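Under this note's numbering, the first residue of the sequence shown carries the number 522, and numbering increases by one thereafter. Note that the Cβ used here is the ideal one computed from N, Cα and C, for glycine as well. Everything numeric in this text was worked out from a predicted model, so none of it was measured. Step one of this worksheet: look at the structure below.
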Amino acid sequence: MISLSFSGNCKGADRVIQPTGDVTAAEEDTVTLDCSFETSDTNYYLFWYKQDGNNSPKFILSCSQVGTVNTEKEYEERFSSKVNSTSKSVPLKIQKLQLSDSAVYYFWNVFSDDEMI
């Protein structure tokens, strides 16, 4: 079994809404990690990161409000996402799960009035 956990980060009046708890699935399954956000801003970037064990979080992908997706090379085959501007969601889809996918997954956002840290 593979266990995936969530965490999020946001600032100000903008916020991220993520389900609580873990997702458990079997190898070779496909899972979708849901995440939605609230903002009145029209210029935003949304990021997914993966952290396994005590290692630093690793960048998976970023999405912009205009639909641009930038995926790190090692994740291109099995990880995907896109912004749904209507529902203000950015689910992360992981295909053909592997044991190495067991991790905490972080969703992070930057809105135009935020500063990149």
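{"Item": "Three-state secondary structure assigned by DSSP to glutamate 595", "Value": "helix"}
{"Item": "Nearest-angstrom Cα separation, counted from serine 608 out to valine 631", "Value": "18 Å"}
{"Item": "Whether leucine 567 touches valine 611 by CB criterion (7 Å)", "Value": "yes"}
{"Item": "Spatial distance of asparagine 575 from alanine 624 (CA atoms)", "Value": "10 Å"}
{"Item": "Spatially closest choice to leucine 613 from Asp535, Ser557 and Ala547, by CA coordinates", "Value": "Ser557"}
{"Item": "Spatial neighbours of glutamate 559 in its chain, beta-carbon cut-off 6 Å, leaving aside the 5 residues before and after", "Value": "Arg536"}
{"Item": "Beta-carbon contacts of glutamate 593 that lie in its chain and below 8 Å, excluding the five residues immediately before and after", "Value": "Lys579, Phe580, Ile581 and Leu582"}
{"Item": "Identified DSSP bridge partners for asparagine 605", "Value": "Ser610"}
{"Item": "Per-residue DSSP class, three states only, for serine 585", "Value": "strand"}
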